[in-house]
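Participant: FYI, in our numbering the residues of the sequence shown are 1 to 145.
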Amino acid sequence: MDPGADLPFCQPELFALEETARERNLGLWADGRYNPIPVDQTDRLKERVGSFVIVEGRVRSVGERKQRIYLNFGGHWADDFTIIIPKKTWMQMAERGLSTDSLKGHIIRTRGILQSWQGTALTIDSAEMIERLEGRRLQDKRLAR
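#1: For Val55, tell me which candidate among Leu45, Gly63, Tyr70 and Ser102 has the shortest Cα-Cα distance.
#2: Throw me the rounded Cβ distance for the Ile113 and Glu134 pair, which I believe falls under 8 Å.
#3: By the DSSP assignment, the beta strand (DSSP E) with Arg68 in it spans what residues?
#4: Go through its chain and collect everything with a Cβ distance to Ile69's Cβ below 6 Å, but skip five positions before and after it.
#5: Rounded to whole angstroms, what is the Cα-Cα separation between Asp31 and Ala78?
#6: Within this structure, are the beta carbons of Thr82 and Ala127 separated by less than 8 Å?
#7: Who does Ala121 pair with in a DSSP beta bridge?
#8: If we call anything under 8 Å between Cβ atoms a contact, is Glu64 one with Thr100?
#9: For Ser116, I'd like the list of residues in its chain whose CB is within less than 6 Å of its CB, leaving aside the five on either flank, ordered along the chain.
#10: Use the C-beta contact count for Phe73: other C-beta atoms within 10 angstroms, 16 or more gives buried, fewer gives exposed.
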């Protein structure tokens, strides 16, 4: 499917189809390397830098700066996984009801090309690249603590 300029990259109904395929080990989801990586598996994340990944974890803190928002997932932001959100994308997210309060302390799933930046990071270019997981079963039960 070509999402085109007017359609979101990750349409919400596609998340449900992806979850079903993952649960049933269908297609590429039968290969474990496509399953979500918990944010505390730093070595596994570092091995995947430069590759498409899906990452899950609890947002520990939010850093708001003039040009970007940072969602931090560990106790030491310079070593742990971080999501980088440019202000333009953050404004789109705010229009859809997301805020620092709606993300901080919550479990989310994100996807994209993993980069090496003070630990590992993903830059979010579209609001649909973040999915809240509260109330849903996670790949790794340790994330629910």
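Even glycine gets a Cβ: it sits at the ideal position worked out from N, Cα and C.
Facilitator: Reading off the structure:
#1: Leu45
#2: Their Cβ separation, rounded to whole angstroms, is 26 Å, which puts Ile113 and Glu134 out of contact at 8 Å.
#3: Arg68 to Asn72
#4: Ile85 and Trp90
#5: 31 Å
#6: no
#7: Thr82 and Gln115
#8: yes
#9: Val49
#10: buried
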